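J.:
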Ligand code: ADP
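Residue numbers (our numbering): 1 to 859.
(1) Which full runs of the beta strand (DSSP E) of 3+ residues lie inside the segment 369–422, going along the chain?
(2) Classify residue 345: buried if its beta carbon has 16 or more other beta carbons within 10 angstroms, exposed otherwise.
(3) Bridge partners of residue 512, per DSSP?
(4) In the DSSP assignment, find the alpha helix (DSSP H) that holds residue 162 and state where it starts and stops.
(5) Which first and last residues belong to the alpha helix (DSSP H) in which residue 677 is found?
(6) Using DSSP's beta-bridge definition, name the partner residues of residue 316.
(7) Does the segment 530–547 come close enough to the segment 111–127 to have 3 or more Cβ pairs within less than 8 Å?
(8) Kindly examine the ligand ADP and report whether one of its heavy atoms sits closer than 8 Å to the Cβ of residue 109.
(9) Using DSSP bridges, identify the partner residues of residue 205.
(10) If you count every other CB in all the chains shown that lies within 10 Å of the CB of residue 214, and 16 or more means buried, which is it?
(11) Check residue 805 in the structure and name its three-state DSSP category.
(12) So, are the CB atoms of residue 255 and residue 264 less than 9 Å apart?
(13) Whole angstroms is fine: what's the gap from residue 394's alpha carbon to residue 731's?
(14) Between residue 105 and the ligand ADP, is there a pair consisting of the residue's CB and a ligand heavy atom that are separated by less than 8 Å?
(15) In this structure, does DSSP put residue 256 in helix, strand or coil?
(16) In chain order, what residues of the same chain lie with their CB nearer than 8 Å to the CB of residue 52, ignoring the 5 residues before and after it?
(17) In chain order, what residues of the same chain lie with their CB nearer than 6 Å to the CB of residue 19, ignoring the 5 residues before and after it?
(18) Considering Cα atoms alone, identify which of 369, 336, 773 and 706 is closest to residue 719.
(19) Please work out which residues of its chain come closer than 8 Å, Cβ to Cβ, to residue 243, disregarding the five sequence neighbours upstream and downstream, and give them in chain order.
(20) Since residue 326 sits in a beta bridge, which residues does DSSP pair it with?
(21) Just curious, the alpha helix (DSSP H) that residue 26 is in, first and last residue?
(22) Taking the beta strand (DSSP E) that residue 486 falls in, what are its first and last residues?
(23) With a threshold of 8 Å, are at least 3 pairs of Cβ atoms found where one atom belongs to the segment 353–370 and the other to the segment 312–327?
(24) Going by beta carbon distance, what residues of the same chain come within less than 8 Å of residue 403, once the five residues before and after it are set aside?
(25) So, with DSSP's three-state summary, where would you put residue 732?
(26) Can you have a look at residue 653 and say buried or exposed, based on whether 16 or more other CB atoms are within 10 angstroms of its CB?
(27) Leaving aside the five residues before and after residue 633 along the sequence, list all residues of the same chain whose C-beta is less than 8 Å from its C-beta, in chain order.
(28) Should residue 10 be labelled buried (16 or more other beta-carbon atoms within 10 Å of its own) or exposed?
(29) For residue 707, does the three-state DSSP call read helix, strand or coil?
(30) For residue 119, name the three-state secondary structure that DSSP assigns.
(31) Applying the 10 Å Cβ sphere with the 16-neighbour rule, what's the burial state of residue 572?
(32) By alpha-carbon positions, which one of 435, 705, 761 and 158 ends up nearest to residue 725?
(33) Tell me where the beta strand (DSSP E) around residue 461 begins and ends.
(34) Helix, strand or coil: how does DSSP classify residue 663 here?
(35) Using 9 Å as the threshold, is the C-beta distance between residue 104 and residue 495 below it?
(36) Indicate whether residue 289 and residue 235 have their beta-carbon atoms separated by less than 9 Å.
So, in structure tokens, the structure goes:
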């Protein structure tokens, strides 16, 4: 009976692992034979595998032997033999799933197994790391194994140019960060020249720290943007106004901390109108004022310096709320960043316009096969499954984990909590036991550091301000008597090895000074201790004043507290509190999941459209059927035009054939037809006539220009128009999305509304694209290459390609949300577009709205 019950309730993960066992045995069974091979014979296996693949064997067929080969090569090159659990990890990754492997289990090495196997196909394998430092390290380190076996390995780094990137992408296995892969994708879809295409088809990716990439980063899309023409004056103006308004229910404005939003009250509006000397802030003409006011208030009341952002070298940097690191180069969107810059009195970086964007979610879903690894995935299992269709398998540890996770202690006040933390650290420090302390913010790190100084405890502080030294400090964190304070997951990717004698002292002790927004982040902190069977312990200290408790804990707690009548420094242990803590965490986790899902649902709409546009664009760029696309466009466009002037549904006497011909001539189409020629024809026949006219005009133009020039020109016109319209569309979609929230009051589902309207907008955009392309193609005058002056302004592509900035991939993608946190080097912000001399007919850079030649050209 018991046995039966046990069978019934068998852990589903156990089941998954059981299925893999025979495969692990099979890999192991190859070992005796493989060990005997000479280096040359081992290397020759790669060619043998490749031929067997060609002969029809599948990667699955090759797996056991190939894994055994990689294991042997690793032994001979980097001196490590994959543990059996790493084989399991490798199989899970090969199967396109997520392998949860604890810190220190050797994920880097495990990934070499599926990477090699897939590398045999030559279609490309991307190993995605969280920062450049790890990408480079892993490529050099693990690269020895692949190269020994005759596969090529490359790495994509921030400061590489097109040539270097293309080469790295051509390799069988390529290391790089999620940002680099994502931005190269976007850049490839902004290229004006085939030389700028570096990435191949997205084939197979292994995401290291997959939870960080797909979950923590999911809420911030990758955006490439260029400067727009807005002036910074309004930001400064409103930065002065914001502090003059009072916060409160019956005051000028209210703050909703949870929703991170601000709402203005009557009196606030009155005051602002007076300050600005205007009648009605809600008048259409002041829409941008309202927006600025809102952002200024957010910057003033919601965004905290040293917690949400940092000011360094006169620049405002976002602090990642999960890792505490600086997100160099990233900017808060929608003018909030500028509002903060104005609040802090630093120079406002130019406002930007989105040129291309994609969420990580949608980017990584484009790979033919996706796999991931992390120490903490299980708590987010359902999200991985639901959104990415990725199954999570918890791989057992090589040695049993003997770390002791002590129960939380809860204090009434934050002050008392920190005092207790200091006491705990001091006691362990005296013993010589190393301690790693995690904090949720830089502010708390510094607070704790001050207290430790007072208590004469030497320590290191690891936060966004010093992240250059991160890896180095983290390495020493396991030494005797070391005390390391780290904002949450700083130093991720470097494992903490215990110093001599530390094992006898109980190993590394981890202290959490606050519960995080998700259990996963708590687990990451805990997991820094107890690697590879090391001893260790962990404990979280919590106070009722912590954000999590304050915002999401129930009010019942304060009741209990009062009933208990405890002193501040007495820890409370009460079931109700522990439970409400867990509830609070659950609430936040659920909420964040909902937000991410929501983002995805909205982004899916745009994603579909992006695919259509990018595919079309790619065909034009590579010259594949671009004429066909053009004629297709002409066809549709003529359909629309004829429909307007010669609607089937109307009597021919009501048609306006003269208008039709006029319209076509105004677009410089050669029309050899008169009204009389068309009279008496049916709508369909008129259209056919016009299609012929279009083709004739095209042909004539082509002969006039020569085929080569015409091709070049048509390509450029098409790319330029598509890009311009797409950019406008992105902006409009963004506005639509923000606006749609306001309409949600009725019974309507905002998402349905959004889908409906964006479909209409997309249709409209396509129609504009067609019209503009046709219009421009026939308007082109042949001018001598060197007399730019006479070229029509909108065709100045040659001297001023729209995407100048991306002609060199070396430019950090700036002014935008490029360059996510966690990169090793901090990149200085630079304007995204090269400041080159504008064309004479271009808008003057001074912002006057006049042409450059009529304005500042000689000044
Ligand atoms: P993770 O990313 O899983 O935390 P790493 O890949 O950084 O772990 O590896 C942790 C450490 O374990 C590294 O120093 C690595 O050299 C070592 N290691 C990994 N696999 C093995 C192995 N099979 N044999 C010996 N050492 C290993």
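Where a beta carbon is used, it is the ideal one built from N, C-alpha and C, also for glycine.
Just so it is clear, the structure is predicted and the values come from calculations on it, not from any experiment.
T.: In short:
(1) You should have 369–374, 392–394 and 409–411.
(2) Working through the chain shown from its first residue, we reach residue 345 at position 345. Residue 345 counts as exposed, since fewer than 16 other beta carbons sit within 10 angstroms of its beta carbon.
(3) Here residue 512 is taken as the residue at index 512 of the chain shown, counted from 1. 438 and 540, per the DSSP bridge assignment.
(4) Taking the chain shown and counting its residues from 1, one reaches residue 162 at position 162. Element bounds for residue 162: 162–170.
(5) Numbered from its first residue, the chain shown carries residue 677 at position 677. Residue 677 -> alpha helix (DSSP H) spans 675–678.
(6) Walking along the chain shown from the start, residue 316 turns up at place 316. 311, per the DSSP bridge assignment.
(7) These segments do not touch.
(8) Residue mapping note: residue 109 aligns to position 109 of the chain shown, counting from 1. Checking every heavy atom of the ligand ADP against the Cβ of residue 109, one is found closer than 8 Å.
(9) Position 205 of the chain shown, counting from 1, holds the residue named residue 205. 126 and 370, per the DSSP bridge assignment.
(10) Reading the chain shown from its first residue, position 214 is the one you call residue 214. Counting every other CB atom within 10 Å of its CB across the protein chains shown gives residue 214 a total of 16 or more, marking it as buried.
(11) Here residue 805 refers to the residue found at position 805 when the chain shown is read from its first residue. Reliability of the predicted coordinates at residue 805 is poor, the pLDDT of 23 falling under 50, and the value obtained from them is presented with this limitation in mind. Residue 805 falls in the helix class under three-state DSSP.
(12) In the chain shown, the residue the question calls residue 255 occupies position 255. In the chain shown, the residue the question calls residue 264 occupies position 264. With a cutoff of 9 Å on beta-carbon distance, residue 255 and residue 264 are scored as not near each other.
(13) One-based indexing of the chain shown puts residue 394 at position 394. One-based indexing of the chain shown puts residue 731 at position 731. Rounded to whole angstroms, residue 394 to residue 731 spans 42 Å at the Cα level.
(14) The count along the chain shown starts at 1 and reaches residue 105 at position 105. Checking the 8 Å criterion, the Cβ of residue 105 is within range of a heavy atom belonging to the ligand ADP.
(15) Here the question's residue 256 lines up with position 256 in the chain shown. Judged by DSSP in its simplified three-state form, residue 256 adopts strand.
(16) Here residue 52 corresponds to residue number 52 of the chain shown, with the count starting at 1. Closer than 8 Å at the Cβ level, and outside the excluded window around residue 52, lie 61 and 62.
(17) Residue mapping note: residue 19 aligns to position 19 of the chain shown, counting from 1. Result list for residue 19: empty, nothing under 6 Å.
(18) The residue given as residue 719 occupies position 719 in the chain shown. Here the closest residue by C-alpha is 773.
(19) Here the question's residue 243 lines up with position 243 in the chain shown. Excluding residues within five positions, the ones whose Cβ falls inside 8 Å are 300.
(20) Walking along the chain shown from the start, residue 326 turns up at place 326. 319, per the DSSP bridge assignment.
(21) Locating residue 26 in the chain shown gives position 26, where the first residue counts as 1. Segment 12–29, the alpha helix (DSSP H) holding residue 26.
(22) One-based indexing of the chain shown puts residue 486 at position 486. It spans 483–487 - the beta strand (DSSP E) in which residue 486 sits, taken as one unbroken run.
(23) Using a Cβ-Cβ distance cut-off of 8 Å, the segment 353–370 and the segment 312–327 are not in contact, since fewer than three pairs of beta carbons, one from each stretch, lie closer than that value.
(24) Locating residue 403 in the chain shown gives position 403, counting from the first residue. Exclusion of the five residues before and after residue 403 leaves 507, 526, 529, 530, 534, 535, 536, 537 and 538 as the residues of its chain whose Cβ lies within less than 8 Å of its Cβ.
(25) As a position in the chain shown, residue 732 is number 732, starting the count at 1. Here residue 732 sits in helix by DSSP.
(26) Here residue 653 refers to the residue found at position 653 when the chain shown is read from its first residue. So residue 653 ends up on the exposed side.
(27) Locating residue 633 in the chain shown gives position 633, counting from the first residue. Closer than 8 Å at the Cβ level, and outside the excluded window around residue 633, lie 769, 770, 773 and 774.
(28) Here residue 10 refers to the residue found at position 10 of the chain shown. Exposed, by the Cβ-count rule.
(29) Within the chain shown, the letter at position 707 stands for residue 707. Helix at residue 707.
(30) Stepping through the chain shown from its first residue, residue 119 is reached at position 119. Residue state, collapsed to three classes: helix.
(31) Locating residue 572 in the chain shown gives position 572, counting from the first residue. Burial call: buried.
(32) The residue given as residue 725 occupies position 725 in the chain shown. Minimum Cα-Cα distance from residue 725 among the listed residues 435, 705, 761 and 158 corresponds to 761.
(33) Here residue 461 is taken as the residue at index 461 of the chain shown, counted from 1. It spans 460–462 - the beta strand (DSSP E) in which residue 461 sits, taken as one unbroken run.
(34) By one-based count along the chain shown, residue 663 stands at place 663. If DSSP states are grouped into helix, strand and coil, residue 663 belongs with the helices.
(35) To locate residue 104, count along the chain shown from 1; it is residue 104. To locate residue 495, count along the chain shown from 1; it is residue 495. Yes, the pair counts as a contact, with Cβ atoms nearer than the cut-off.
(36) Here residue 289 corresponds to residue number 289 of the chain shown, with the count starting at 1. Here residue 235 corresponds to residue number 235 of the chain shown, with the count starting at 1. Contact: no.
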